[in-house]
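Undergrad: In terms of numbering that gives the first Met the number 0, the sequence shown has 37 at position 38, counting the first letter as 1, and numbering is strictly consecutive.
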Amino acid sequence: MRYEIATVGQIVGGQWLQCPSPDQLITQLLVDSRQLQDPAHTLFFALQGLRRDGHQFISRLYEEGVRAFVVQYPVDLEPLADANIIVVDEVVKALQHLVSYHRSQFRFPVVAITGSNGKTVVKEWLYQLLSVEFQIVKSPKSYNSQIGVPLSVWQLHSQAD
Numbered sequence: 000m001r002y003e004i005a006t007v008g009q010i011v012g013g014q015w016l017q018c019p020s021p022d023q024l025i026t027q028l029l030v031d032s033r034q035l036q037d038p039a040h041t042l043f044f045a046l047q048g049l050r051r052d053g054h055q056f057i058s059r060l061y062e063e064g065v066r067a068f069v070v071q072y073p074v075d076l077e078p079l080a081d082a083n084i085i086v087v088d089e090v091v092k093a094l095q096h097l098v099s100y101h102r103s104q105f106r107f108p109v110v111a112i113t114g115s116n117g118k119t120v121v122k123e124w125l126y127q128l129l130s131v132e133f134q135i136v137k138s139p140k141s142y143n144s145q146i147g148v149p150l151s152v153w154q155l156h157s158q159a160d
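(1) Threshold first: 3 residues or longer. Then list the beta strand (DSSP E) segments lying entirely within the segment 9-40, N to C.
(2) Does chain C have any CB closer than 8 Å to the CB of Ala67?
(3) How many angstroms separate the CA atom of Val148 from the CA atom of Val30?
(4) Quick check: the Cα distance between Gln23 and Ser99, rounded to an integer number of angstroms?
(5) For Ala93, report the span of its alpha helix (DSSP H) as first-last.
(6) Consult DSSP for Glu132 and reduce its assignment to one of helix, strand or coil.
(7) DSSP beta-bridge partners for Tyr2?
(8) Just the C-alpha distance for Ala82 and Cys18, rounded to the nearest angstrom, thanks.
(9) What alpha helix (DSSP H) runs, 4 residues minimum, are completely inside the segment 105-131?
(10) Does the segment 123-130 come close enough to the segment 33-45 to have 3 or more Cβ pairs within less than 8 Å?
(11) Just list the residues that DSSP pairs Val69 with in beta bridges.
(12) For Phe68, does the count of other Cβ atoms within 10 angstroms reach 16, so buried, or fall short, so exposed?
(13) Output needed for Pro21: all residues of its chain with C-beta closer than 7 Å, excluding positions within five of it in sequence on either side, in chain order.
(14) Using CA coordinates, which residue listed in Glu62, Arg59 and Val90 is at the minimum distance from Pro73?
(15) Beta-carbon within less than 6 Å of Gln104's beta-carbon, same chain only, minus the 5 sequence neighbours each way: which residues are those?
(16) Measure from the alpha carbon of Ser138 to the alpha carbon of each residue in Val131, Ser157, Leu128 and Lys118, then state which is nearest.
(17) Would you list the residues sitting across from Asp52 in a DSSP beta bridge?
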């Protein structure tokens, strides 16, 4: 699915630092600048971690063509003249709100696997079993964290069963 950045701003409930292109289409979510694939349609969430602050990668991503950012504090706008920038209280919560909305657009079943051990093996086993008859969406790798689950759910699409 694709969302206009103006719609994303409403969903995440942030304040616009600037929005020169409200009709920009977003198809990709990014939390790791090294995984950039489609700059024109990417929304970068500037997460703050123990060792890194995603805000420090905004300039480089802008140079690589990204024009949509969710940030936790204002950034220097001068070098980001045509970027859409949303300021939120908590970037992780904004990511979760957006993906929760995305999930609500679909009416098919979701299988969640929990436990201490074996989740990835069971996920891969179920995928192999079910993908013979169904169009399945599965999480990449072991995306089972506060950030990984939303990135997995974002992959849902209308052709899935």
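Backbone N, C-alpha and C fix where the C-beta goes; we use that ideal spot for every residue, glycine too. Here the structure is a predicted model, which is why all the values come from computation and not from measurement.
TA: Quick answer:
(1) 14-17 and 27-29
(2) Within the model displayed, chain C is absent; a lone protein chain is all it includes.
(3) 13 Å
(4) 21 Å
(5) Val90 to Ser103
(6) coil
(7) Ile25
(8) The alpha-carbon separation between Ala82 and Cys18 amounts to approximately 7 Å.
(9) 118-129
(10) Touching, no.
(11) Val69 is bridged to Phe44 and Ile85.
(12) buried
(13) Glu3, Ile4 and Ala5
(14) Val90
(15) none
(16) Lys118
(17) Gln47
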